[in-house]
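Trainee: Residue numbers (this note's numbering), protein chains in the order written: chain E, 1 to 169; chain B, 170 to 343; chain L, 344 to 771.
Please read through the structure below; I'll follow up with questions.
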Amino acid sequence: MNTELLFNGFAILAVLGAVGLVLFRHPMNGAMSLVVTMVALAGLYALLSAKLIFALQLIVYAGAIMSLILFIIMFLNLQEKDLPEESGRWYYLLGGVVVIAPIALFLIKIVKTLPGSEATIVGGGFGGIKEVGLVLFQDWLLPFEIVSILLLIALVGAVVLAGKRRLGK
Amino acid sequence: MGATVKTLPRKGASLKERLYLIEIVKGMATTFGHFFRNLLDNRRLYVRHYPEVQPEIPVRWRGRHRLTTHEDGSVKCVACFMCQTNCPANCIQITAGERLDGRTEKMPVKFTIDLLECIYCGYCVEACPLDAIRMDTGIFSVTGDKRSSFVLELSDLLASKGAFAEEDYKKGGA
Amino acid sequence: MSALDILMVVVRVAFSAFIPLCFIAVCVWMERRGAGFFQDRSGPNRANIFGFRAAGLVQNLADAAKLIFKEDVTSGHIKHKFYFVLAPLIVFFTAVVSFAVVPFADTLVLGGKSYLMQGIPLDLGILWFLSFVGFSVYGIILAGWSSTNKYGVLGGLRSAAQVISYEIPMGLAIVSLLVVYGTIHLNEIAQFQGQLLFGFIPMWGAVLQPLGMVIFIVAAFAETNRTPFDLAEGESELVAGFHVEYSAMKFAVFFMGEYVALFVSSAMIVTLFFGGYQVPFLSTATLINNAKPVAFLLMIAVPVAMHYFAGWIRRSNVSHYPRENDPRVFEAEIYIKCFWGLVIFLEVVLLLILFADKGGPAAHIFVMLLQMATFLVKITMMIFVYIWVRWTLPRFRYDQLQRLGWQTLLPLALLNIFVTSAVVVALS
Numbered sequence: 001m002n003t004e005l006l007f008n009g010f011a012i013l014a015v016l017g018a019v020g021l022v023l024f025r026h027p028m029n030g031a032m033s034l035v036v037t038m039v040a041l042a043g044l045y046a047l048l049s050a051k052l053i054f055a056l057q058l059i060v061y062a063g064a065i066m067s068l069i070l071f072i073i074m075f076l077n078l079q080e081k082d083l084p085e086e087s088g089r090w091y092y093l094l095g096g097v098v099v100i101a102p103i104a105l106f107l108i109k110i111v112k113t114l115p116g117s118e119a120t121i122v123g124g125g126f127g128g129i130k131e132v133g134l135v136l137f138q139d140w141l142l143p144f145e146i147v148s149i150l151l152l153i154a155l156v157g158a159v160v161l162a163g164k165r166r167l168g169k
Numbered sequence: 170m171g172a173t174v175k176t177l178p179r180k181g182a183s184l185k186e187r188l189y190l191i192e193i194v195k196g197m198a199t200t201f202g203h204f205f206r207n208l209l210d211n212r213r214l215y216v217r218h219y220p221e222v223q224p225e226i227p228v229r230w231r232g233r234h235r236l237t238t239h240e241d242g243s244v245k246c247v248a249c250f251m252c253q254t255n256c257p258a259n260c261i262q263i264t265a266g267e268r269l270d271g272r273t274e275k276m277p278v279k280f281t282i283d284l285l286e287c288i289y290c291g292y293c294v295e296a297c298p299l300d301a302i303r304m305d306t307g308i309f310s311v312t313g314d315k316r317s318s319f320v321l322e323l324s325d326l327l328a329s330k331g332a333f334a335e336e337d338y339k340k341g342g343a
Numbered sequence: 344m345s346a347l348d349i350l351m352v353v354v355r356v357a358f359s360a361f362i363p364l365c366f367i368a369v370c371v372w373m374e375r376r377g378a379g380f381f382q383d384r385s386g387p388n389r390a391n392i393f394g395f396r397a398a399g400l401v402q403n404l405a406d407a408a409k410l411i412f413k414e415d416v417t418s419g420h421i422k423h424k425f426y427f428v429l430a431p432l433i434v435f436f437t438a439v440v441s442f443a444v445v446p447f448a449d450t451l452v453l454g455g456k457s458y459l460m461q462g463i464p465l466d467l468g469i470l471w472f473l474s475f476v477g478f479s480v481y482g483i484i485l486a487g488w489s490s491t492n493k494y495g496v497l498g499g500l501r502s503a504a505q506v507i508s509y510e511i512p513m514g515l516a517i518v519s520l521l522v523v524y525g526t527i528h529l530n531e532i533a534q535f536q537g538q539l540l541f542g543f544i545p546m547w548g549a550v551l552q553p554l555g556m557v558i559f560i561v562a563a564f565a566e567t568n569r570t571p572f573d574l575a576e577g578e579s580e581l582v583a584g585f586h587v588e589y590s591a592m593k594f595a596v597f598f599m600g601e602y603v604a605l606f607v608s609s610a611m612i613v614t615l616f617f618g619g620y621q622v623p624f625l626s627t628a629t630l631i632n633n634a635k636p637v638a639f640l641l642m643i644a645v646p647v648a649m650h651y652f653a654g655w656i657r658r659s660n661v662s663h664y665p666r667e668n669d670p671r672v673f674e675a676e677i678y679i680k681c682f683w684g685l686v687i688f689l690e691v692v693l694l695l696i697l698f699a700d701k702g703g704p705a706a707h708i709f710v711m712l713l714q715m716a717t718f719l720v721k722i723t724m725m726i727f728v729y730i731w732v733r734w735t736l737p738r739f740r741y742d743q744l745q746r747l748g749w750q751t752l753l754p755l756a757l758l759n760i761f762v763t764s765a766v767v768v769a770l771s
């Protein structure tokens with residue numbers, strides 16, 4: 001009962017946040033709506049007793065990435081007059097809805113046919129940091145390492161790009 | 170004559186200093202010494218317990234102004250406008266009038282000093298040819314609840330007495 | 344849920360919600376009087392109620408009254424009023440909530456049930472703290488941005504950049520700690536530190552991870568925006584930084600949030616590196632088994648300590664100028680009587696424990712109270728270190744701050760992880 005209420009609350013918040021992200025004109029409002037969505041998603045993860053993902057969602061997405069985005073918005077210090085003219089925005093929105101709605105319905109249908117979609121809480125210890133760590137480093141070691149190398153490449157690329165100007169001189 | 174250049178040895182380059190932490194601990198030891206000494210015995214604080222213990226004011230200290238008088242109580246000022254002319258803050262306003270007691274020809278009818286404008290430079294005292302204005306009242310804190318209470322009239326200036334003996338003032342001031 | 348369960352929930356929530364709030368007053372008091380003593384002056388010691396000054400604590404009441412009754416100005420040029428009001432609330436709320444997972448006593452076993460002594464019985468531990476520290480940046484960014492003020496924006500930028508970049512060394516220092524402890528639960532971390540190394544050194548994080556401790560403490564100073572990293576509020580250049588436009592209660596909420604954050608990060612440092620609630624050299628089991636001797640020793644130690652304390656009060660609480668019938672002497676006598684009353688109350692409590700069953704619930708509760716007291720004393724000492732550093736070190740320049748974070752602390756933290764992991768693998 002409680003879980004269902006919480007789920008509905010978080011789901012509505014997440015959707016509202018996403019809608020706000022699309023509809024608000026000012027970038028700060030949009031970013032804050034996205035924060036709401038991120039936090040609501042974290043809440044949904046917590047309801048699924050995925051504690052580690054809950055914490056990571058809060059730390060990485062809601063905490064770090066979104067605060068960097070806000071930081072950049074603050075850095076640019078956009079005024080009302082700097083915002084671009086968006087004349088056909090409602091038509092674009094309508095077009096987007098028309099395109100995306102069938103895909104979304106299709107996706108929901110697919111998810112419903114997946115086996116085990118009705119199961120709610122999985123046994124004790126699921127989603128804890130130890131369990132996730134064991135799975136990650138035993139069953140999925142190779143993909144994990146490949147992903148980390150990918151991130152490393154991105155990091156090196158960022159450093160190279162950032163340092164390029166000085167090298168050119 | 171060229172300026173003498175003194176080259177000071179730059180500090181902070183050695184490894185010990187660049188580690189920061191050692192120097193930080195040394196600095197913290199110093200401040201903790203002060204803290205601990207004061208905590209144990211707060212009589213040694215370098216503090217004047219102000220409203221109760223008043224500071225000692227030296228003779229040459231420039232406090233609030235006053236106008237001096239002759240022995241018979243008549244005002245010494247002759248409204249020569251020297252102080253008003255000299256005042257860099259334009260805080261003195263004098264209105265001159267005729268003097269009837271036979272000492273001189275002029276005397277101030279109105280003599281106002283706006284203490285909110287005054288910068289306590291003491292030029293008025295230096296400019297006065299007759300030693301009629303002095304800053305020897307020893308009053309250093311003037312309080313009031315409206316602006317007009319900081320504008321001193323002739324009567325206020327005459328009412329306050331000097332805080333020091335005449336010979337002390339002469340020795341220290343002139 | 345039995346009555347005991349409900350009582351325990353109330354106790355835990357009350358502790359983890361009210362103690363940080365109470366410590367705001369203590370922090371402000373320590374900061375101001377401590378600043379005074381560090382600089383050879385006396386700090387605020389005049390505000391009083393009927394002549395009772397409580398060593399300057401009454402000044403806090405005066406400050407609070409002032410801040411509550413001041414006019415709450417929201418300047419006309421502020422367009423995004425919602426964010427403007429939201430910002431201090433975020434700072435305050437995240438600071439209070441991040442204390443919720445810090446254990447303030449070992450797991451209490453009463454009537455065959457064990458109670459985790461922390462505000463929210465969640466096993467996320469350190470991750471919870473990290474996530475809410477990350478959130479407090481929002482308050483700063485929103486405050487700086489919505490103020491529509493150059494100083495505000497600059498202060499907000501500086502402090503946001505600082506918090507974001509110091510989160511990384513902090514997180515890495517925590518990683519090496521987790522390698523040592525093998526758990527993220529703060530309670531287990533504190534229990535781990537109850538052991539003894541070589542039989543005589545407490546196995547504190549400070550002993551096992553000295554480099555990690557330095558990195559974490561430096562990063563924690565930066566996270567709480569305190570000197571030497573408080574250039575977000577550099578008065579000489581930025582007036583007050585991100586809270587320039589805030590007045591009255593909105594400013595007070597920022598101010599309180601900062602002090603709660605100070606308290607929480609002290610609590611975190613204590614939990615991770617200084618044994619948490621553990622009484623040095625005495626683990627929980629030892630304490631429970633030897634509750635009576637410990638209580639007996641305390642019964643002797645408390646009055647002796649009180650005797651010297653009373654002497655200190657009598658010496659310090661006097662007027663330092665000639666004064667007839669010095670009212671401060673009378674004030675000191677009242678304080679001393681109050682403290683003796685407290686001591687007598689403590690003695691009675693300890694006496695009850697002496698007569699209680701060995702290893703029974705009384706012993707458990709006694710140990711819990713003892714550990715709470717230890718925890719609070721340790722936190723107070725850590726807060727004192729914060730204040731001590733503040734009144735010793737000058738402010739860093741902004742480029743120095745970023746260089747320290749990225750070029751010194753980050754590589755050191757990485758090195759620390761490698762070395763720690765190698766040692767842990769080699770030893771196991």
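Where is the CB? At the ideal position from N, CA and C, for every residue including glycine.
1. Given this structure, state the Cα-to-Cα distance separating Asp337(B) from Gly379(L), to the nearest angstrom.
2. Give a yes or no on whether the minimum CB-CB distance between Phe71(E) and chain L is below 7 angstroms.
3. Between Ile59(E) and chain L, is there a C-beta pair that is closer than 7 angstroms?
4. Please go through the same chain and pick out, in chain order, the residues whose beta-carbon is closer than 7 angstroms to the beta-carbon of Ala357(L), but skip the five residues on each side of it.
5. What residues match up with Leu321(B) in a beta bridge as DSSP calls it?
6. Cβ of Ser67(E) less than 7 angstroms from any chain L Cβ?
7. Pick from Tyr91(E), Met32(E) and Pro27(E): whose alpha carbon is nearest that of Phe478(L)?
8. Could you check the C-alpha separation between Glu580(L) and His586(L) for me, to the nearest Å?
9. Would you mind working out which of Pro27(E), His26(E), Leu44(E) and Leu107(E) sits nearest Ile12(E), comparing C-alpha positions?
10. Which whole-angstrom value describes the C-beta separation of Asp383(L) and His203(B), a residue pair presumed to lie in contact below a C-beta threshold of 8 angstroms?
11. Which residues of chain L have a Cβ atom closer than 9 angstroms to the Cβ of Met74(E), listed in chain order?
12. Return the bridge partner residues of Ile153(E) from the DSSP annotation.
13. Evaluate contact between the segment 45-60 of chain E and the segment 467-481 of chain L, counting only Cβ atoms and requiring at least three cross-stretch pairs below 8 angstroms.
14. Does the beta carbon of Ser508(L) come closer than 7 angstroms to any beta carbon on chain E?
15. Along the chain, where does the beta strand (DSSP E) containing Ile261(B) start, and where does it finish?
16. How big is the Cα-Cα spacing for Arg355(L) and Pro387(L)?
17. Contact between the segment 593-609 of chain L and the segment 547-554 of chain L: three or more CB pairs below 8 angstroms?
18. Please state the DSSP three-state secondary structure of Thr238(B).
19. Answer yes or no: does any C-beta atom of chain E fall closer than 7 angstroms to that of Ser771(L)?
20. Is the shortest distance between the beta-carbon of Ile149(E) and the beta-carbons of chain L less than 7 angstroms?
21. Can you tell me which of the three DSSP states Ala343(B) falls into?
22. Alpha carbon to alpha carbon, what distance is there between Leu155(E) and Phe616(L)?
23. Is any beta-carbon of chain E found at less than 7 angstroms from that of Val480(L)?
24. Beta-carbon within less than 8 angstroms of Ser345(L)'s beta-carbon, same chain only, minus the 5 sequence neighbours each way: which residues are those?
25. According to DSSP, is Lys169(E) helix, strand or coil?
26. If you count every other CB in all the chains shown that lies within 10 Å of the CB of Phe427(L), and 16 or more means buried, which is it?
27. Can you look up Tyr458(L) in the DSSP assignment and give me helix, strand or coil?
28. Hey, does Ile12(E) have any beta-carbon neighbour from chain L nearer than 7 angstroms?
29. Go to Val607(L), then tell me how far its alpha helix (DSSP H) extends in each direction, as first and last residue.
30. Give the range of the beta strand (DSSP E) segment to which Leu453(L) is assigned.
31. Taking DSSP's pairing of strands, which residues face Phe447(L) in a bridge?
32. Closer than 8 angstroms by C-beta to Lys169(E): which residues in its own chain qualify, once you throw out the five before and the five after it? Chain order, please.
33. Tell me whether His239(B) is buried or exposed, calling it buried when 16 or more other Cβ atoms sit within 10 Å of its Cβ.
34. If you check the beta carbons only, do Gly17(E) and Phe24(E) fall under 7 angstroms apart?
Mentor: Looking at the atomic coordinates:
1. 38 angstroms
2. yes
3. yes
4. none
5. Ile282(B)
6. yes
7. Met32(E)
8. 14 angstroms
9. Leu44(E)
10. 6 angstroms
11. Ile484, Leu485, Gly487, Trp488, Val496, Gly499, Leu500 and Ala503
12. Ile153(E) pairs with nothing; no bridge assigned.
13. yes
14. no
15. Ile261 to Glu267
16. 34 angstroms
17. no
18. strand
19. no
20. no
21. For Ala343(B), the predicted structure reports a pLDDT of 49, less than 50, and the residue's modelled location is therefore unreliable. A value from the coordinates is still provided. Coil.
22. 32 angstroms
23. yes
24. none
25. Because Lys169(E) carries a pLDDT of 48, less than 50, the predicted location of this residue cannot be relied on, and the following value inherits that uncertainty. Lys169(E) falls in the coil class under three-state DSSP.
26. buried
27. strand
28. no
29. Ala591 to Phe616
30. Leu451 to Leu453
31. Note: Phe447(L) sits in no beta bridge, so no partner.
32. A caution first: Lys169(E) carries a pLDDT of 48, below 50, which makes its placement in the model unreliable, though a value can still be read off. Once the five neighbours on either side are set aside, Lys169(E) has no close Cβ partner at all.
33. exposed
34. no
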